[in-house]
Amino acid sequence: MGELIDTAMQGCLTKMAITPGSGDTPAQYTLRAGEARLDLNARLGQPLALHYTGAIACTHCGRATRKSFAQGYCYPCFKKLAQCDTCIVKPETCHFDAGTCREPEWAERHCFQPHVVYLANSSGLKVGITRATQMPTRWLDQGAIQALPIMEVDTRQQSGFVEMLFKEQVADRTNWRAMLKGEVEPLDLIAERDRLMASLDSGLAGLRERFGTDSLRPLDATPLHFDYPVLEHPRKIVSHNFDKQPEVAGTLLGLKGQYLLLDTGVINLRKFTGYEVSVA
Ligand SMILES: [Zn+2]
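The sequence shown begins at 12 in this note's numbering and counts up one residue at a time.
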């Protein structure tokens, strides 16, 4: 038997893998850098250092790129891929029917699939949409402490129209500073849902007229609750940024959303997808 050698892990970052906990166990976080994996829950309370080597590889094609676009793409992919088009962020602007979709086959697999409209509590009440297959990952990535699927629709565009309607009364963004500080009060999501559905009734009826009676299907789901491995929430938020300072090190105090909480500051690892780092 050889000696166990503690080799530093190195590779390009992809977003952390997060699985929900159960009972008293919080969510489980795995750092992913290239092929390397690190159980971050096991590192809580211990030093953690990430060093950005200066290289960035496109998360789609693997090409080297000097700058990252849309959180991990090279410029050609950013301009070419349907997943980087503005209609992904604003699904109500889907232009598939106009014949101008960048990748119709990709859209068939991703946009013309059941989508779920949900309420979540990440820094207060918010509305959001996701493909049914992305639950509960979506909520964990946002650092939500609660989530409730409220409606299922057939396409991404339809979910965009429902979200637009809800945005008249509810935020669709997370205040990430409040989320990281842990200053979030639990909400009664069932009561919020019933209140919103009642007050948006005529708008929803209008969408059903447009897309079909069965197009917007209310869901009777149970609210979900998420716990995060956090020893200590930061009182003041200081952000690390690999573009300004390649060395990010400190004691790991917690994990929430796609953020590492270090005693020296926080870092949103998703923002640095494709950045090559060594981890020690
Ligand atoms: Zn690329």
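Glycine is no exception: its CB is placed at the ideal position from the N, C-alpha and C atoms.
Compare the Cα-Cα distances from residue i to each of the options and report the closest residue.
i    : options                   : result
G83  : K91, T70, A75 and R77     : T70
T76  : K267, S289, F123 and F283 : F283
L230 : L266, G261, H126 and N132 : H126
D274 : I201, Q153, V241 and S289 : V241
P31  : D225, L266 and D199       : L266
D35  : S289, G285, Y270 and Y239 : Y239
K101 : L49, A209, Q39 and E174   : E174
G56  : A66, I161, L271 and P115  : L271
R54  : P115, A260 and Y129       : A260
I67  : Y86, L51, D50 and N52     : Y86
G294 : L51, T25, Q39 and L159    : Since the first residue shown for the chain is 12 and the last is 291, residue 294 is missing from the structure and cannot be characterised.
W117 : Y129, S134 and I99        : I99
Q269 : Q124, A155, Q180 and K247 : A155
A202 : M190, P37, F222 and I161  : I161
With DSSP collapsed to three states, give me the class of residue i.
i    : result
F237 : coil
C88  : helix
V277 : strand
Q169 : helix
N132 : strand
I16  : Low confidence applies to I16: its pLDDT is 47, below 50, so where it sits in the model is not reliable enough to give any reading.
E5   : The chain is shown from 12 up to 291; residue 5 falls before or after that span and cannot be answered.
T148 : helix
A232 : coil
T97  : helix
Q256 : coil
R142 : strand
Q21  : strand
H106 : coil
L59  : strand
Q153 : helix
F123 : coil
A44  : strand
G285 : coil
L272 : strand
A53  : helix
L264 : strand
A216 : helix
A291 : coil
A28  : strand
A158 : strand
A118 : helix
G34  : coil
If I measure Cβ to Cβ from residue i and keep anything under 6 Å in the same chain, skipping five residues before and after, which residues do I get?
i    : result
L15  : Residue confidence is low: L15 scores 49 on pLDDT, short of 50, so the model does not pin down where it sits. Its coordinate-derived value is still stated next. Excluding positions up to five away in sequence, the list is empty.
R113 : A93 and D96
L59  : L263
H244 : K192 and G193
Y63  : F253, P257, Y286 and V288
T141 : V127 and R149
R228 : E163
G110 : none
L61  : V259, V288 and V290
For residue i, which residues in the same chain have their Cβ closer than 8 Å to its Cβ, ignoring the five residues on either side in sequence?
i    : result
K178 : V138
Q157 : A131, N132, P197, L198, L200, P234, L235, H236 and F237
A47  : M20, Q21, G22 and V290
L176 : L211, G214, L215 and L218
G65  : P257 and E287
A182 : G135, L136, K137 and V138
Y89  : In the sequence as displayed, the identity of residue 89 is Phe instead of Tyr. F80, A81 and C95.
R296 : The displayed coordinates of the chain run from 12 to 291. Any statement about residue 296 would go beyond what the structure contains.
Report all residues from its chain with a CB closer than 7 Å to the CB of residue i; omit the five preceding and five following residues, and keep chain order.
i    : result
R120 : none
T172 : As written in the sequence, residue 172 is Phe, which differs from the Thr given in the question. Closer than 7 Å at Cβ, skipping near neighbours: E103 and L218.
A28  : T41 and R43
G13  : Its pLDDT being 41, under 50, G13 is placed unreliably by the model, and the measurement read from it follows with that caveat. Result list for G13: empty, nothing under 7 Å.
At a Cβ threshold of 9 Å, is residue i touching chain C?
i   : result
G56 : Of the protein chains in the structure, only one exists, and it is not chain C.
> Using 8 Å as the threshold, is the segment 246–264 in touch with the segment 162–169, meaning 3 or more CB pairs across them?
Replying inline: no
> What are the complete alpha helix (DSSP H) segments, minimum 4 residues, inside the segment 173–214?
Replying inline: 187–192 and 200–210
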